[in-house]
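Residue numbers (the working numbering): 2 to 446.
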């Protein structure tokens, strides 16, 4: 479907927080208004079983459902209601509502509810936040007029959290049921489509077969892809042992590997527009540190010329590149990535490995001469690693050099989709990844 025809996309949208949340409320309210099944299921999820039975077991010709936006709760005729449900709708699925009635009061401020739903004498007041913001105080002040109303018997107020994750699961169920009976809802489908692009964190991981590789036809759908990949990686330790745990870093997704010559195994999702193809590149870095290098350069480097790797009887493309990593105080500063065609003679050798490690500033001329001897002049290794700004023109007194490799296996995304068609298939993906890890281990060991 052309995304420009999505019911909830607007041209020249504002990126202001208030605009975004108001349109989110509007989109949600339209789904309630136009889809009776979703309305029924949402009300069922929010109110008590007795209240749900009371609302829908019998109705008269005068019974109406009112759904509105931006309602000042001070103007509502409180005597018409006996029960109010105060719903905090955020992405925080663990928001604690126990202290709801101890929130501070706002004295000189209108309390405008995002969404107001009323059926018979039961009202649902919804405060919408697209992220995990704590909106209890705001919601409390919206229902405060009902709590303070003294014109009749005290109105019962029930606070609860109903997260966007729960909303999405409910909408997906509604969409699937209506599809079965050929009653597809465009509003529900469009709301889900737009939400999955803009708020992918609301969605549970899906099988790869259900995840389009590209989001909006442009960039990889990283959030959904990485959620499912995280599930698969997390189960590798159940196959290969506790040493193969998820990495604890926030900037990359992968698992640790106890190879001695490498410590991390990381997948990347890559789209090649020229090939019109999508791949997952599984990568490992032999000799990433001087310590790891001992286990690499003590053996022949014939493996670095290998161009395929067999996984489950099928050959996949294998690539290797050379890396010179330049660090300071064990922190990466810059590096040089090169191939055989960039050198006059091999740089990654055992003799040069023995020269790697810490180079003090008074030996930098010797280090530069070493690199000049190996790299072609037109390669300009100084420019490639920004040597002058990274070291020469700084107050750094040493550089630590390591000679390592990046090795990666290219797997068509279609292969993961073939393996992963339903929730339980995650075990197949984990086993496939385990087989790749073992093949990498055998490459050098």
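Where a beta carbon is used, it is the ideal one built from N, C-alpha and C, also for glycine. Please read all numbers here as calculations on a predicted model, not as lab measurements.
**Asked** What did DSSP end up calling residue 315 once you bin it into helix, strand or coil?
**Response** Here residue 315 refers to the residue found at position 314 when the chain shown is read from its first residue. Three-state result, residue 315: strand.
**Request:** With residue 305 as the anchor, note down where its beta strand (DSSP E) starts and where it stops.
**Result:** In the chain shown, residue 305 corresponds to position 304, counting from 1. Unbroken run through residue 305: none, as it is neither H nor E.
**Prompt:** For residue 305, which option in 70, 323, 296 has the closest C-alpha, if you only look at C-alpha atoms?
**Reply:** Looking up residue 305 in the chain shown gives position 304. Of the candidates 70, 323, 296, the one whose C-alpha sits nearest the C-alpha of residue 305 is 323.
**Request:** Using the Cα positions of residue 423 and residue 308, report the straight-line distance between them to the nearest angstrom.
**Result:** The residue you call residue 423 lines up with position 422 of the chain shown. The residue you call residue 308 lines up with position 307 of the chain shown. Distance between the alpha carbons of residue 423 and residue 308: 33 Å.
**residue 16, buried or exposed, once every other Cβ within 10 Å from all chains shown has been counted against 16** = In the chain shown, counting from the first residue as 1, residue 16 sits at position 15. At residue 16, the pLDDT of 49 sits below 50, so the modelled position is not reliable; the number obtained from the coordinates is stated separately. It is exposed - the Cβ of residue 16 has fewer than 16 other Cβ atoms within 10 Å.
**Request:** Whole angstroms is fine: what's the gap from residue 149's alpha carbon to residue 155's?
**Result:** Position 148 of the chain shown, counted from the start, is the residue given in the question as residue 149. Position 154 of the chain shown, counted from the start, is the residue given in the question as residue 155. When rounded, the distance between both Cα atoms is 8 Å.
**Request:** Please name the residue or residues paired with residue 124 in a DSSP beta bridge.
**Result:** For the purposes of this step, residue 124 is taken as the residue at position 123 of the chain shown. 85, 119.
**Message:** Using DSSP's beta-bridge definition, name the partner residues of residue 38.
**Reply:** If you number the chain shown from 1, residue 38 lands on position 37. Residue 38 pairs with nothing; no bridge assigned.
**Asked** In the DSSP assignment, what residue or residues form a beta bridge with residue 80?
**Response** Within the chain shown, the letter at position 79 stands for residue 80. Beta-bridge pairing links residue 80 to no other residue.
**Request:** Would you mind listing the beta strand (DSSP E) stretches within the segment 139–167 that are 3+ residues and don't spill past its ends, in chain order?
**Result:** 157–162
**Request:** List the endpoints of the continuous beta strand (DSSP E) containing residue 360.
**Result:** Reading the chain shown from its first residue, position 359 is the one you call residue 360. Residue 360 -> beta strand (DSSP E) spans 358–361.
**Asked** Since residue 66 sits in a beta bridge, which residues does DSSP pair it with?
**Response** Position 65 of the chain shown, counting from 1, holds the residue named residue 66. Looking at the DSSP assignment, residue 66 forms a beta bridge with 120.
**Request:** Compute the Euclidean distance between the alpha carbons of residue 294 and residue 180, then round it to the nearest angstrom.
**Result:** The residue you call residue 294 lines up with position 293 of the chain shown. The residue you call residue 180 lines up with position 179 of the chain shown. Residue 294 and residue 180: Cα-Cα distance of roughly 57 Å.
**Coarse secondary structure for residue 186, derived from DSSP in three states** = On the chain shown, residue 186 is found 185 positions in, with the first residue counted as 1. Coil, per DSSP.
**Asked** Closer than 6 Å: is that where the CB of residue 384 sits relative to any heavy atom of the ligand NAD?
**Response** Here there are no bound small molecules, and the ligand NAD is not part of this structure.
**Request:** Please report the residue range of the beta strand (DSSP E) in which residue 272 lies.
**Result:** The residue given as residue 272 occupies position 271 in the chain shown. Segment 265–273, the beta strand (DSSP E) holding residue 272.
**Message:** Need the endpoints of the alpha helix (DSSP H) that residue 367 sits in, please.
**Reply:** Within the chain shown, the letter at position 366 stands for residue 367. It spans 365–375 - the alpha helix (DSSP H) in which residue 367 sits, taken as one unbroken run.
**Asked** So, is residue 12 buried or exposed, given that buried needs 16 or more other C-beta atoms within 10 angstroms?
**Response** For the purposes of this step, residue 12 is identified with residue 11 of the chain shown, where counting begins at 1. Reliability fails at residue 12, whose pLDDT of 43 lies under 50, so the model's placement of it is uncertain and the value that follows must be treated cautiously. The residue is exposed, with fewer than 16 neighbouring Cβ atoms inside 10 Å.
**Simplified DSSP state of residue 114, which is helix, strand or coil** = If you number the chain shown from 1, residue 114 lands on position 113. In this structure, residue 114 counts as strand in the three-state DSSP scheme.
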